[in-house]
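Working notes, structure below.
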Amino acid sequence: MTIRVLVADDQAMVRGGLRLILEDQPDIEVVAEAADGVEAVELARRLRPDVCLVDIRMPRLDGLQVTRALHPMRVIVVTTFDLDEYVYGALRGGAVGFLLKDAGPALLVEAVRAAHAGDALVSPSVTVRLLRHLTSATAPPPSLPPLRPLSDRELEVVRSIARGRTNREIATELFISLSTVKSHVSGIQTKLGLRNRVEIAAWAWEQRLMA
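Okay, so the sequence shown: first residue is 2 according to the numbering used here, each after it adds one.
Take a look at the structure:
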């Protein structure tokens, strides 16, 4: 199955570079490019791509506004490390992942495939470092307590997600099956009232579970 991607960035050179990287993969097709946020929203609503790759800084609508407008479509926000407050807003707006602009081709492709699979890219090289920085620097408002308390096993899974582990890695580390991990993740999302793994990771750092 081909993954249909929309690329939104106000720099034509960046859009072209992202297209080259993505279309070098046999299972990914860039179906549209947008030069600003309004165009991104219009194209996404019309073409219904599987994944939208959205720059955080664009004219007319920024990546945060685009993410909120397109929810629950799968949006990956592209940013630089020093724009942490925007990234936090994007995660809360429903983004299923984010990348640093210098992340490299392999991580870009991994993020698109993860988003298409209904997962979120939570990479130790990006997410953990960034979420730690967010927690210490931006002092986000306190989160509501879980709707129901998490079990010890669920807390272990939460910490693993916040460290950037995939479901398969969590299964190996905790000596449980892949289906059990997926069941735990689903239960955690329900108890915390969260939508995806990125939000679970953000919650873990906000609650200082990673200290």
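Beta carbons: idealized from backbone N, C-alpha and C, even for Gly.
Every value quoted in this text rests on a predicted model; they were computed, and no experiment measured them.
Span separating the alpha-carbon of residue i from that of residue j
{"i": "glycine 95", "j": "aspartate 37", "result": "19 Å"}
{"i": "proline 142", "j": "glutamine 26", "result": "Its pLDDT being 49, under 50, proline 142 is placed unreliably in this model, and the value from its coordinates should be taken loosely. Looking at the two C-alpha atoms, the distance is approximately 41 Å."}
{"i": "threonine 139", "j": "tryptophan 206", "result": "Because threonine 139 sits at a pLDDT of 49, beneath the cut-off of 50, its placement in the model cannot be relied upon, and the following sentence gives the value as read from the coordinates. Straight-line Cα distance between these residues: approximately 12 Å."}
{"i": "arginine 20", "j": "methionine 74", "result": "20 Å"}
{"i": "serine 161", "j": "serine 187", "result": "15 Å"}
{"i": "aspartate 56", "j": "leucine 7", "result": "11 Å"}
{"i": "aspartate 103", "j": "isoleucine 22", "result": "13 Å"}
{"i": "valine 32", "j": "methionine 14", "result": "17 Å"}
{"i": "leucine 54", "j": "serine 180", "result": "29 Å"}
{"i": "alanine 9", "j": "arginine 209", "result": "34 Å"}
{"i": "arginine 154", "j": "glycine 18", "result": "42 Å"}
{"i": "glutamate 157", "j": "methionine 2", "result": "34 Å"}
{"i": "glutamate 200", "j": "glutamine 66", "result": "18 Å"}
{"i": "valine 113", "j": "serine 152", "result": "31 Å"}
{"i": "alanine 41", "j": "alanine 70", "result": "10 Å"}
{"i": "glutamine 12", "j": "valine 52", "result": "19 Å"}
{"i": "threonine 80", "j": "alanine 203", "result": "17 Å"}
{"i": "serine 178", "j": "serine 184", "result": "10 Å"}
{"i": "leucine 195", "j": "phenylalanine 99", "result": "17 Å"}
{"i": "glycine 105", "j": "histidine 72", "result": "26 Å"}
{"i": "lysine 192", "j": "threonine 68", "result": "24 Å"}
{"i": "leucine 175", "j": "valine 182", "result": "9 Å"}
{"i": "aspartate 28", "j": "valine 97", "result": "20 Å"}
{"i": "glutamine 190", "j": "leucine 101", "result": "26 Å"}
{"i": "glutamate 24", "j": "valine 39", "result": "24 Å"}
{"i": "glycine 165", "j": "arginine 58", "result": "26 Å"}
{"i": "arginine 149", "j": "valine 159", "result": "15 Å"}
{"i": "valine 76", "j": "alanine 163", "result": "20 Å"}
Span of the beta strand (DSSP E), counted from its first residue to its last, around residue i
{"i": "isoleucine 29", "result": "29 to 35"}
{"i": "aspartate 56", "result": "52 to 56"}
{"i": "glycine 98", "result": "98 to 101"}
{"i": "leucine 7", "result": "4 to 9"}
Distance between beta carbons of residue j and residue i, contact taken as under 8 Å
{"i": "valine 78", "j": "alanine 91", "result": "4 Å"}
{"i": "glutamate 30", "j": "arginine 16", "result": "With 8 Å as the limit, glutamate 30 and arginine 16 do not qualify as a contact, their Cβ atoms being about 15 Å apart."}
{"i": "proline 50", "j": "arginine 93", "result": "Not confirmed; about 22 Å, so no contact."}
{"i": "alanine 121", "j": "arginine 198", "result": "4 Å"}
Segment limits, alpha helix (DSSP H) that includes residue i
{"i": "threonine 81", "result": "Premise fails: threonine 81 is in no alpha helix (DSSP H) and is neither H nor E."}
{"i": "glycine 64", "result": "64 to 71"}
{"i": "arginine 20", "result": "13 to 24"}
{"i": "alanine 205", "result": "198 to 207"}
{"i": "methionine 46", "result": "At residue 46 the sequence reads arginine, which differs from the methionine that was named. Segment 38 to 48, the alpha helix (DSSP H) holding arginine 46."}
{"i": "proline 106", "result": "106 to 117"}
The ligand GTP heavy atom lying under 7 Å from the CB of residue i
{"i": "arginine 49", "result": "This structure lacks the ligand GTP; in fact it carries no ligand of any kind."}
Counting beta carbon pairs with one atom in the segment 62 to 73 and one in the segment 108 to 122, are three or more of them shorter than 8 Å? No: the two stretches stay apart, fewer than three of their Cβ pairs being nearer than 8 Å.
Contact the segment 38 to 55 vs the segment 156 to 174: 3+ CB pairs below 8 Å: In this structure the segment 38 to 55 does not lie against the segment 156 to 174, because fewer than three pairs of beta carbons, one per stretch, are closer than 8 Å.
Quick one: complete alpha helix (DSSP H) runs, 4+ long, within the segment 145 to 196? Qualifying alpha helix (DSSP H) stretches, in chain order: 153 to 163, 168 to 175 and 179 to 193.
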